[in-house]
Amino acid sequence: MEMKKILGAFLGILVMWSVGQAQQIVLRVLMEDIPETWIIEELLPLFEKETGIRVEFEKMTYIGMHDKLVAQLLAPVNAYDLMEVDFIWAGEFPAAGWLEPLEPYVQRSGFDLSPYLPSMLDLVGYYQGKLYMIPMYSYTMALIYRTDLLNRPDLQEKYKALYGRPLTVPETLEEYVNICKFMTEHAGIPGAAMQGMRGDPNFLEFANYLFAVGGDFVDENWNVILDSPEGRKALELYVENITKAAPVGALNFNLDDTYRVMCQGGAWSFISYWWMLPNLQDCPNVAGKLAIAPVPGGSGVNGGWGWAIPWNSPHKEEAWKFISWVESKEIVRLRALRGHAPTRIDILEDPEVLAKYPFYKDVLPIIAKAKKVPIFAYTAETEDVVGREISLACTGAKTIEQAIADAAKGLEALLKKAGLLR
Amino acid sequence: MRRKRAGLAFALPGLSVLVAVVAFPLGYALFLSFTRYSFIRPNYDFVGLNRYLEAIEEFYFRKSVLTSVFYVLTTVSLSLCFGFILALLLYQKLPLKGFHYFAMSLPMLIAPVGVGLIWKMILHPELGILSYLFGRRDFLGDPRYALFTLAFVDVWQQMSFVALVFLAGLRSLPKEPFEAAVVDGANFWQILRYITIPLLTPIIAVLLIYQTVVEIKTYDLVYVLTKGGPGVSTDLISYYIYRKAFLGLDLSGGSAMAYILLCFSLILIFLYYRILLKS
Amino acid sequence: MLGSSKTSRVLAQCLLWAFSLWFLLPLVWTLRSALLPENLVYTLPPAWGPWTGENFLKLFHGPFARAFLNSFMVSGSVVLIGLPIAAALGYALARFRIGGHSLRFLVLATQMLPPIVLVLPIFALFRIIGLAGKLVGLTVAYLAFNIPFMAWLLMGFFQGLPKELEEAAVIDGATPFGVFFRIVLPLSTPGLFAAGVLGFILSWNEFLFALLLSGRESQTVPVVLATFITQRGILFSQVSAGVILSILPVALLARTVDRYLVEGLTLGGVK
Chain A
142 MEMKKILGAF LGILVMWSVG QAQQIVLRVL MEDIPETWII EELLPLFEKE
192 TGIRVEFEKM TYIGMHDKLV AQLLAPVNAY DLMEVDFIWA GEFPAAGWLE
242 PLEPYVQRSG FDLSPYLPSM LDLVGYYQGK LYMIPMYSYT MALIYRTDLL
292 NRPDLQEKYK ALYGRPLTVP ETLEEYVNIC KFMTEHAGIP GAAMQGMRGD
342 PNFLEFANYL FAVGGDFVDE NWNVILDSPE GRKALELYVE NITKAAPVGA
392 LNFNLDDTYR VMCQGGAWSF ISYWWMLPNL QDCPNVAGKL AIAPVPGGSG
442 VNGGWGWAIP WNSPHKEEAW KFISWVESKE IVRLRALRGH APTRIDILED
492 PEVLAKYPFY KDVLPIIAKA KKVPIFAYTA ETEDVVGREI SLACTGAKTI
542 EQAIADAAKG LEALLKKAGL LR
Chain B
221 MRRKRAGLAF ALPGLSVLVA VVAFPLGYAL FLSFTRYSFI RPNYDFVGLN
271 RYLEAIEEFY FRKSVLTSVF YVLTTVSLSL CFGFILALLL YQKLPLKGFH
321 YFAMSLPMLI APVGVGLIWK MILHPELGIL SYLFGRRDFL GDPRYALFTL
371 AFVDVWQQMS FVALVFLAGL RSLPKEPFEA AVVDGANFWQ ILRYITIPLL
421 TPIIAVLLIY QTVVEIKTYD LVYVLTKGGP GVSTDLISYY IYRKAFLGLD
471 LSGGSAMAYI LLCFSLILIF LYYRILLKS
Chain C
208 MLGSSKTSRV LAQCLLWAFS LWFLLPLVWT LRSALLPENL VYTLPPAWGP
258 WTGENFLKLF HGPFARAFLN SFMVSGSVVL IGLPIAAALG YALARFRIGG
308 HSLRFLVLAT QMLPPIVLVL PIFALFRIIG LAGKLVGLTV AYLAFNIPFM
358 AWLLMGFFQG LPKELEEAAV IDGATPFGVF FRIVLPLSTP GLFAAGVLGF
408 ILSWNEFLFA LLLSGRESQT VPVVLATFIT QRGILFSQVS AGVILSILPV
458 ALLARTVDRY LVEGLTLGGV K
């Protein structure tokens with residue numbers, strides 16, 4: 142009799158618990174396994190307390206994320222309610238109709254888009270005039286260099302003697318390449334740790350060079366303007382730098398390799414994502430000896446991630462609730478204070494945040510002026526095609542003119558395939 | 221008749237699993253190869269053999285096929301030779317066999333991603349241990365050496381399995397022919413040439429075919445170590461197709477290329493079979 | 208079997224050591240890297256300390272322990288379930304000429320397509336029948352893709368067996384199944400071991416299917432290893448630790464299985 146009562150009570154509790162579980166909504170999100178994600182993860186209980194919705198992050202490596210997301214987006218129902226989208230896919234996903242347009246949600250909840258940097262909204266926000274993402278993270282590229290070497294008296298003297306100009310932070314690309322070659326010859330270490338690996342690494346690095354000389358891949362109407370004097374000049378300087386002022390093996394370097402080299406003090410500079418600056422402070426050889434500057438010429442490559450809701454998300458309303466919460470001024474501030482770089486102007490200028498991370502002062506104008514590479518359905522393939530041509534030019538297998546012409550032709554074909562060019 | 225039925229009974233479980241799980245994607249891929257399906261434009265317009273023709277006309281596809289042929293021939297012959305030698309050595313009565321067996325069994329257990337990463341660390345031209353010991357060498361960044369380096373890493377991993385299979389093959393050989401030969405006064409090389417290798421022919425055939433198929437499918441290593449560069453020197457065909465499907469979002473083009481690859485492989489294997497059966 | 212001359216024995220020893228060192232030295236280097244903190248992995252001259260177990264600890268606290276178990280279960284299941292099926296299929300192909308040469312090649316043809324082309328339809332199929340994201344689904348996929356290879360390997364071994372034994376047994380009145388179980392299998396233990404290892408390592412090392420078909424709880428070792436390739440850089444010390452952990456237990460197991468199961472059975476079985 143006693144047993145029966147206890148069993149009954151237990152079953153009753155079990156039923157109530159399972160019903161309770163069934164009613165609690167759980168949002169599943171695929172996130173990259175990096176410190177920024179962990180920072181947001183720490184704040185998730187606040188969201189649950191406020192809304193009763195639990196959020197689970199499935200963390201994974203970057204290299205598999207795209208493939209995994211694509212597989213889910215092709216299925217009738219997505220295993221993820223929400224996702225973060227890298228700028229490289231920020232054209233592909235909307236073009237395939239995989240993202241939920243966010244304007245209606247913004248209107249209904251009165252979400253304020255004005256604090257966002259226009260360059261970020263242009264990159265991971267709007268696609269062809271419609272809003273599909275909310276920027277969450279920025280990784281614009283900039284020039285990071287060793288101040289101790291730049292300010293060394295003997296090097297300064299020698300440079301002045303050779304070129305008649307002072308040795309300072311370069312303002313043009315030609316000057317940058319010149320300094321890199323100078324450093325290689327006279328400072329004993331290569332001037333630039335370049336990521337020459339074919340594909341995403343060398344494409345993005347080259348894009349900085351292209352923007353630095355005032356060139357671009359396409360104009361506002363998607364006409365390809367890569368095959369131009371600027372394009373040829375940029376590639377010429379790129380090949381010059383990588384063959385004369387880069388470490389051995391730079392043709393196969395990816396981001397990680399360049400980071401390692403800089404960390405060991407093995408190069409004077411590199412053009413890389415701005416968050417490399419705080420990262421490199423962990424390296425005993427170079428801590429405190431680095432500074433950041435805009436890419437010579439003023440505009441670096443813009444990069445970033447945005448929140449998006451898949452077209453086949455099982456919980457769209459709840460997903461939006463999360464987005465508007467995590468990108469609210471209060472939460473972005475909390476994230477920023479813990480180390481997650483913000484994409485909102487108001488937080489980048491927030492005094493408390495600036496006190497903790499003073500270099501945001503330099504970073505804000507860099508992000509504001511950044512330009513984007515062509516973001517459309519085939520950006521990823523563009524990286525591969527153009528990257529291949531750049532790599533072929535670097536090995537000497539093709540002339541500069543031929544490589545640029547072929548790269549432009551390849552890009553044109555992709556734009557036509559995407560229906561953006563007739 | 222009874223034999224036929226028994227044979228079917230043996231084959232049925234395996235074939236049913238294959239049909240149930242594999243036939244569908246194979247058929248779907250074949251179907252796709254006759255359409256213009258892509259993730260951006262997911263409609264199934266029939267275009268006949270156009271995708272195949274486009275693939276053959278693509279310069280870099282053809283180049284990739286050539287690079288892969290060279291790569292496969294190199295890696296397969298090296299793994300088979302080294303694997304056979306190692307298996308012969310392990311079959312002898314030499315001291316510390318257990319230790320050597322253990323060493324041999326290690327590379328095959330590492331996921332190709334892991335193999336690529338640890339070799340990337342070792343081969344780093346500035347900071348890797350090999351460069352430190354032997355002077356700065358650009359193993360992966362020099363288009364002349366990159367493919368060989370890739371092959372080297374691949375053989376490092378693959379030959380250990382080949383050795384294991386050869387060893388198993390050696391152990392399953394009947395003892396009489398060898399005993400008779402020793403009685404007849406044959407030496408080691410004669411036994412090897414006239415008894416061991418002929419008896420191992422089915423195993424050699426299987427390994428040849430298996431390794432060829434595996435090497436054709438190499439793409440993990442390319443992904444981690446070189447991404448097809450520098451230039452296009454390590455652009456192997458499976459990696460090329462992977463990029464076509466996932467970067468180019470072109471599953472139908474990728475399927476057409478995959479079926480072209482399949483035809484090539486079948487022809488190659490058919491040739492192997494013929495040559496081996498003759499001998 | 209080798210010539211008894213001293214020089215040939217010494218030569219053989221040297222060669223064997225050369226191979227073993229070729230295999231072991233990179234792994235020793237990996238072990239060194241696994242025991243160092245991340246920022247010392249790439250220093251020159253190479254660091255030989257201070258040693259730390261933090262990478263292994265981090266792995267245990269992370270998803271690696273779970274992934275190791277998952278990998279082990281999946282690969283083990285593939286061997287336990289797949290080996291019998293593959294052996295039967297291999298035997299049918301070797302001795303019964305089922306479907307002639309065309310079936311042999313057809314079975315192999317399923318292996319010759321790059322997995323990229325096949326993985327998306329499989330993923331869609333599995334989503335519909337509810338197997339996506341579960342270990343069972345991955346196991347089923349691996350069984351389907353590994354059985355042909357295992358069957359082919361075993362076919363090679365079966366073909367190498369002298370037919371007289373089987374024919375004699377048939378004359379004595381044995382059924383085909385009897386011949387298979389009591390004559391062919393016992394004689395093929397080395398081949399069965401090799402095929403088992405094949406099934407195991409193909410499942411243990413496979414990446415693309417595991418990536419797309421796994422969920423949060425069902426990740427396997429290759430997927431977790433790949434998570435150390437972050438957009439920030441590659442965490443080499445963790446990769447090294449992961450590699451060491453993923454191979455040592457299994458290698459020891461392989462040696463044990465080989466010694467007691469295979470050698471033990473063959474010594475009793477052959478002739």
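Residue numbers (my numbering), protein chains in the order written: chain A, 142 to 563; chain B, 221 to 499; chain C, 208 to 478.
All C-beta atoms in this analysis are idealised placements derived from N, C-alpha and C, irrespective of residue type, glycine included.
| Would a check of beta-carbon distances place B:I330 closer than 8 Å to chain A? | no
| Residues near C:L242 by beta carbon distance below 6 Å, same chain, minus five either side | W258
| query | List, in order along the chain, the chain A residues whose C-beta lies closer than 8 Å to that of B:K283? | reply | Those within 8 Å of B:K283 in chain A number zero; the least Cβ separation is about 11 Å.
| task | Give the DSSP bridge partners of A:S279, in chain order. | result | A:G445
| Is the CB-CB distance between B:L427 and B:L300 below 8 Å? | yes
| message | Going by DSSP, what residue range makes up the alpha helix (DSSP H) through A:M201? | response | Premise fails: A:M201 lies in the beta strand (DSSP E), R195 to M201, not in any alpha helix (DSSP H).
| query | Can you tell me the Cα-Cα spacing of C:E479 and C:F388, whole angstroms? | reply | Because residue 479 of chain C is not part of the residues shown, which for chain C are 208 to 478, the question remains open.
| request: Assuming B:Y459 contacts B:G448 (C-beta within less than 8 Å), just tell me the rounded distance between them. | output: 6 Å
| task | Throw me the rounded Cβ distance for the B:L367 and B:T454 pair, which I believe falls under 8 Å. | result | 5 Å
| query | Any idea if B:G334 is buried or exposed, counting beta-carbon neighbours within 10 angstroms, 16 or more meaning buried? | reply | buried
| request: From the DSSP output, in three-state form, read off C:K213 for me. | output: helix
| With a CB to CB cut of under 7 Å and the five nearest residues on each side skipped, what residues in its chain are close to B:V239? | none
| said: When you compare the CB of C:N412 with every CB in chain B, is at least one pair closer than 8 Å? | reply: yes
| Mind checking C:E413: buried by the 16 CB within 10 Å criterion, or exposed? | buried
| field | Identity of the residues DSSP links to A:D227 by a beta bridge | value | A:W446
| task | Starting from A:L240, follow its DSSP beta bridges and name the residues at the other end. | result | A:P451
| query | Could you give the uninterrupted runs of the alpha helix (DSSP H) lying entirely in the segment 333-384 of chain B, keeping only those of 4 residues or more? | reply | 349-354
| request: Have a look at C:L432, C:P456 and C:I441 and flag the residue whose alpha-carbon is nearest the alpha-carbon of C:G449. | output: C:L432
| message | If you follow the alpha helix (DSSP H) that B:Y430 is in, where does it begin and where does it stop? | response | T421 to I436
| query | How about the segment 362-369 of chain C and the segment 283-302 of chain B: do they share at least three Cβ pairs that are nearer than 8 Å? | reply | no
| message | For a cutoff of 8 Å on Cβ pairs, would you count B:I260 as touching chain A? | response | yes
| the segment 335-346 of chain C in contact with the segment 462-469 of chain B per 3-pair CB rule at 8 Å | no
| message | Just to confirm before moving on: does the CB-CB distance between A:Y448 and A:W239 stay below 8 Å? | response | Here the sequence assigns Trp to residue 448 of chain A, which means Tyr is not the residue at that position. It is not a contact, given that the beta carbons lie outside the stated cut-off.
| Assigned secondary structure, A:R339 (DSSP; H/G/I helix, E/B strand, else coil) | coil
| query | Apart from the five residues just before and just after C:V386, which ones in its own chain have a Cβ nearer than 8 Å to its Cβ? | reply | E373, A376 and V377
| task | Please state whether DSSP places A:R293 in a helix, a strand or coil. | result | coil
| task | Could you tell me if B:R176 is buried or exposed, where buried requires 16 or more neighbouring beta carbons within 10 angstroms of its beta carbon? | result | Any answer about residue 176 of chain B is impossible in this case: the structure gives chain B only from 221 up to 499.
| task | Find the residues of chain A that neighbour B:L481, judging by a C-beta separation of less than 8 Å, and give them in chain order. | result | Ordered by position in chain A, no residue passes the 8 Å Cβ test against B:L481, which lies about 19 Å from the chain.
| B:T255 in three-state terms, based on DSSP | strand
| task | Grab the span of the alpha helix (DSSP H) containing A:N432 for me, first residue to last. | result | In the sequence under discussion, the amino acid at residue 432 of chain A is Ala, which differs from the Asn named in the question. Where A:A432 is concerned, there is no enclosing alpha helix (DSSP H), although the beta strand (DSSP E) it sits in stretches over L431 to A434.
| request: Please state whether DSSP places B:F266 in a helix, a strand or coil. | output: strand
| query | Residue range of the beta strand (DSSP E) that C:S282 falls in? | reply | Here C:S282 belongs to no beta strand (DSSP E); instead the alpha helix (DSSP H) covers F271 to R302.
| If A:V226 sits next to A:V196, beta carbons under 8 Å apart, how far is it from one beta carbon to the other, in whole angstroms? | The Cβ separation is near 17 Å, so there is no contact.
| query | So, helix, strand or coil for B:S472, using DSSP? | reply | helix
| Cβ distance (whole Å) where B:V267 is taken to contact B:R282 below 8 Å | At roughly 21 Å, the Cβ-Cβ gap does not stay under 8 Å, so B:V267 and B:R282 are not in contact.
| query | When Cβ atoms are compared, which residues of the segment 327-341 of chain C fall closer than 7 Å to chain A? | reply | L327, F330, A331, R334 and G340
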